[in-house]
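**Q** I am attaching a structure below and will ask some questions about it afterwards.
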Amino acid sequence: MRRYVLFAVLILLSFAGRANKITIIAKDYEFDPAQATVYLGDTVMFLWASGTHTTTSTSIPDSAVAWDNPLDHSQQTFVYVPAVAGTYSYQCTPHASMGMTGSFTVSPATSVNKVTSNVVFGFWPNPATSSAHVRFNKDLQYVSVYIADITGTIVWKGAFEDVQEADLNVSNLQPGRYIVYATDGQDVFSQKLLIQ
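Residue numbers (my numbering): 452 to 647.
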């Protein structure tokens, strides 16, 4: 029996290590990129850059969960994890007639790929109480850091220039689970953070 449990845990861990993230930026009157390919278990993060927009599913696979979320100065991200393979089409409802549409195709996970990123980071302590010290894998000219609660709402954001280490003041966050996202504008990396 122990062998079966160990085998199941190893399989789950192999899938957990595979998940990637793609960031789709809502800016001006477009989604960038407008088309993408992801795998089951990957995270699709819609990130607001300017204007007042929505991300609204228009055509999704059977059994997939539909969404309709604002993207603006008060709600700057929406995170979606597709659970069904197929094509997901979406739009900004107020600007769809201006061509603000996009889609991503979800393929079944087939193998474990090596993920490379310029924005790999670690932080401590975790769990944190009032601050978390973050260290990036190399000096970055510019990096944006976002902390999202479990609903995907950004609750903290900051930008740093020419840094390899920084302190994040999290003293005003409620105890709970969060996800810390860091991006240099091209790559996005995330880690879980627990606030006590």
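All C-beta atoms, glycine included, are put in the ideal place defined by N, C-alpha and C.
Tell me L624's beta-bridge partners as DSSP assigns them.
**A** Bridge partners of L624: none, in fact.
**Q** What is the DSSP secondary structure of A579, counted as helix, strand or coil?
**A** It is a strand residue.
**Q** Where DSSP assigns a beta bridge to K472, which residues make up the other side?
**A** For K472, which the question treats as bridged, DSSP gives the partners T494.
**Q** What are the boundary residues of the beta strand (DSSP E) that V413 is part of?
**A** Coverage of the chain is limited to positions 452 through 647, which leaves residue 413 absent and any answer about it impossible.
**Q** Sorted by chain position, which residues of the same chain lie with C-beta nearer than 6 Å to E616's C-beta, five sequence neighbours on each side aside?
**A** Cβ neighbours of E616 beyond the five flanking positions: R586.
**Q** Just confirm the distance between the C-beta atoms of Y541 and T507, as a whole number of angstroms; I'd bet it's less than 8 Å.
**A** Confirmed, Cβ separation roughly 6 Å.
**Q** Is the number of C-beta pairs between the region 550 to 560 and the region 588 to 605 that are closer than 8 Å three or more?
**A** Output reads no: the region 588 to 605 does not touch the region 550 to 560.
**Q** Could you check what DSSP says for P521 in three-state terms: helix, strand or coil?
**A** In this structure, P521 counts as strand in the three-state DSSP scheme.
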